[in-house]
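Q:
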Amino acid sequence: MAEGKRLAQANYVFDGAHSRRGYALNRMCASLTDAANRERFGSDEAAYCDAYGLTPEQKRAIVERDWTGMLDLGGSIFYTFKLAVLDKLSMQHLGGVFTGMTAEEFAATMRAGGRCFG
Amino acid sequence: MPSIGAAMDNRKTEDPYWQPLFDGYAPAREWMARNPPDVAIVVYNDHANAVGLDMVPTFAIGTAESFDVADEGWGRRPVPRVVGAPDLAEHLVVSLMDDSFDLTVCQQLDVDHGLTVPLSVYCPDPGEAWPCAVIPLLVNVLQYPQPTAGRCYALGQALGRAVASFPQDLDVAVFGTGGMSHQLAGARAGLINTSFDRMFLDAIETDPESLAALTREDYIREAGSEGIELIMWLVMRGALNPKVTRVHETYHVPASNTAAALALFDNVAGGVA
Numbered sequence: 164m165a166e167g168k169r170l171a172q173a174n175y176v177f178d179g180a181h182s183r184r185g186y187a188l189n190r191m192c193a194s195l196t197d198a199a200n201r202e203r204f205g206s207d208e209a210a211y212c213d214a215y216g217l218t219p220e221q222k223r224a225i226v227e228r229d230w231t232g233m234l235d236l237g238g239s240i241f242y243t244f245k246l247a248v249l250d251k252l253s254m255q256h257l258g259g260v261f262t263g264m265t266a267e268e269f270a271a272t273m274r275a276g277g278r279c280f281g
Numbered sequence: 221m222p223s224i225g226a227a228m229d230n231r232k233t234e235d236p237y238w239q240p241l242f243d244g245y246a247p248a249r250e251w252m253a254r255n256p257p258d259v260a261i262v263v264y265n266d267h268a269n270a271v272g273l274d275m276v277p278t279f280a281i282g283t284a285e286s287f288d289v290a291d292e293g294w295g296r297r298p299v300p301r302v303v304g305a306p307d308l309a310e311h312l313v314v315s316l317m318d319d320s321f322d323l324t325v326c327q328q329l330d331v332d333h334g335l336t337v338p339l340s341v342y343c344p345d346p347g348e349a350w351p352c353a354v355i356p357l358l359v360n361v362l363q364y365p366q367p368t369a370g371r372c373y374a375l376g377q378a379l380g381r382a383v384a385s386f387p388q389d390l391d392v393a394v395f396g397t398g399g400m401s402h403q404l405a406g407a408r409a410g411l412i413n414t415s416f417d418r419m420f421l422d423a424i425e426t427d428p429e430s431l432a433a434l435t436r437e438d439y440i441r442e443a444g445s446e447g448i449e450l451i452m453w454l455v456m457r458g459a460l461n462p463k464v465t466r467v468h469e470t471y472h473v474p475a476s477n478t479a480a481a482l483a484l485f486d487n488v489a490g491g492v493a
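Next up, the structure:
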């Protein structure tokens, strides 16, 4: 279990605690699968976040596009990716954000075979 | 993954970036075209589209007449509606339940890229309709704790028995889906572990029990937090006979942030590749 816990924390494994913390944020992101909701979100992001009951910290992360902050506040990458798509950003852009690279550097790293650990 | 679907939908399969991936699929498509199934059971995971976080079924099966293609946030993929196989699906539910696999039963389910992209890999130009009926079989791989690899393998074995006991004579394909090593978030984003992937691709045919014995921590450590999707391949493998014939295999890095592979097995020993 100890290894499981370490792995979970280092890799944003989406467990029960994460799911409870991020419930409102993830639910808001999931709502963006509806075209009318995408429009409503676009017209007033902060009000839209309030309607879904996000905490002030979560709302800030969303409005400022703090992608790492969203995950720290309970976001799941599969949910926050819907916001990235709305911004026309790719998963490689997010990969760059998470690893301190530009999207181009991250894409080049993937083309070269990806990142090797251990 | 969505980007493979987008590459097909936007006619980019001959771009230098994508061509090696799609070239690798060709022999499998040709074999499938010669041996088309009546029904494909697609073992896949939803990506925050049909399944939210209110209720997360560990295993679920779609028993509807048809399934709409999901809007995942960027509009619906321009692919046909998915036609179900309700009689076989109902038989599977009963048979699996009797075999102690307590599946969630879905009468309404929008299917996302996890299901439609593997169908496109099989049939890139379906026209008005997919060439076979489809039974979606969902596995939770997003929320910890995911089912164990061993449980997925055992589900596959029960699925194989369930298909075999269906009174009607049908050709059934089982698609086990999911990327190989990859991690989307955190400091290890971009992880690829080619040696693990190669080991898995080999063992999925010859020694699936060894893969079924790996823990979820093993999968996350070695294949990345999203590489745990590989447990869905074990449902497919469990449904096949102990001895199978490997028709084709292809492995490619990268498809977006993921190592992508396809292995096609004929469910007979000593078959012709």
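Protein chains in written order, with this note's numbering: chain A, 164 to 281; chain Y, 221 to 493.
All C-beta atoms, glycine included, are put in the ideal place defined by N, C-alpha and C.
1. Considering only the beta carbon of each residue, do glycine 458/Y and alanine 384/Y sit closer than 8 Å?
2. So, valine 303/Y versus alanine 353/Y, is the Cβ gap smaller than 8 Å?
3. Kindly say whether isoleucine 240/A, judged by its beta-carbon, lies nearer than 8 Å to any beta-carbon of chain Y.
4. Tell me whether cysteine 279/A is buried or exposed, calling it buried when 16 or more other Cβ atoms sit within 10 Å of its Cβ.
5. Which whole-angstrom value describes the C-beta separation of threonine 231/A and phenylalanine 261/A, a residue pair presumed to lie in contact below a C-beta threshold of 8 Å?
6. If you run the structure through DSSP and keep just helix, strand and coil, what is valine 392/Y?
7. What does valine 337/Y touch in chain A if you count any residue whose Cβ is under 7 Å from its own?
8. Comparing alpha-carbon positions, which option in Phe485/Y, Asp486/Y, Val392/Y, Ala480/Y lies nearest aspartate 243/Y?
9. Would you please verify whether the beta carbon of glutamate 166/A is less than 8 Å from any beta carbon of chain C?
10. Would the region 259-275 of chain Y count as touching the region 332-342 of chain Y if we require 3 or more Cβ pairs under 8 Å?
11. Smallest Cα separation from leucine 246/A: which of Gly293/Y, Glu437/Y, Tyr471/Y, Met228/Y?
12. With 16 other CB atoms within 10 Å as the buried threshold, where does valine 488/Y fall?
13. Return yes when the Cβ of glycine 259/A is within less than 8 Å of the Cβ of isoleucine 412/Y, no when it is not.
14. Whole angstroms is fine: what's the gap from glutamate 437/Y's alpha carbon to serine 286/Y's?
15. Based on Cα-Cα distance, which residue from Ile448/Y, Gly406/Y, Pro462/Y, Thr435/Y lies nearest to aspartate 427/Y?
16. With burial defined as no fewer than 16 other Cβ atoms inside 10 Å of the residue's Cβ, what is the status of glutamine 366/Y: buried or exposed?
17. Identify the contact partners of glycine 293/Y in chain A, using a Cβ-Cβ distance below 7 Å as the criterion.
18. In chain order, what residues of the same chain have a beta carbon less than 7 Å from the beta carbon of phenylalanine 204/A, not counting five sequence neighbours either side?
19. In chain order, what residues of the region 436-461 of chain Y put their CB closer than 7 Å to some CB of chain A?
A: Checking against the coordinates, here is how it stands:
1. Taking the second sequence and counting its residues from 1, the one referred to as residue 458/Y is at position 238. Taking the second sequence and counting its residues from 1, the one referred to as residue 384/Y is at position 164. No, the Cβ-Cβ distance between glycine 458/Y and alanine 384/Y is not below 8 Å.
2. Numbered from 1 along the second sequence, position 83 holds the residue referred to as residue 303/Y. Numbered from 1 along the second sequence, position 133 holds the residue referred to as residue 353/Y. Yes; because the gap between Cβ atoms is below 8 Å, this pair is in contact.
3. Residue mapping note: residue 240/A aligns to position 77 of the first sequence, counting from 1. For isoleucine 240/A, the answer is yes, since a Cβ of chain Y falls inside 8 Å of its Cβ.
4. Taking the first sequence and counting its residues from 1, one reaches residue 279/A at position 116. Under this definition cysteine 279/A is an exposed residue.
5. One-based indexing of the first sequence puts residue 231/A at position 68. One-based indexing of the first sequence puts residue 261/A at position 98. 6 Å between Cβ atoms; contact.
6. Mapped onto the second sequence, residue 392/Y falls at position 172. Three-state result, valine 392/Y: strand.
7. Residue 337/Y sits at position 117 when you count from the first residue of the second sequence. Neighbours of valine 337/Y on chain A: none; closest Cβ ~14 Å, over 7 Å.
8. The sequence position of residue 243/Y within the second sequence is 23, counting from 1. Ranking the options by Cα distance to aspartate 243/Y, first place goes to Ala480/Y.
9. No chain C appears in this structure, whose protein chains are A and Y.
10. yes
11. The residue you call residue 246/A lines up with position 83 of the first sequence. Nearest C-alpha to leucine 246/A: Gly293/Y.
12. Mapped onto the second sequence, residue 488/Y falls at position 268. Exposed, by the Cβ-count rule.
13. Indexing the second sequence from 1 puts residue 412/Y at position 192. Indexing the first sequence from 1 puts residue 259/A at position 96. Cβ atoms of isoleucine 412/Y and glycine 259/A: not closer than 8 Å.
14. Residue numbering aside, residue 437/Y sits at position 217 when the second sequence is read from its first letter. Residue numbering aside, residue 286/Y sits at position 66 when the second sequence is read from its first letter. Going by the C-alpha atoms only, they are around 36 Å apart.
15. Mapped onto the second sequence, residue 427/Y falls at position 207. Per the Cα distances, Pro462/Y.
16. Here the question's residue 366/Y lines up with position 146 in the second sequence. It counts as buried.
17. Here the question's residue 293/Y lines up with position 73 in the second sequence. What glycine 293/Y touches in chain A: Leu195, Thr196, Lys245, Val248, Leu249.
18. Position 41 of the first sequence holds residue 204/A. Here the set comprises Leu195, Tyr211.
19. Glu437, Ile440, Arg441, Ser445
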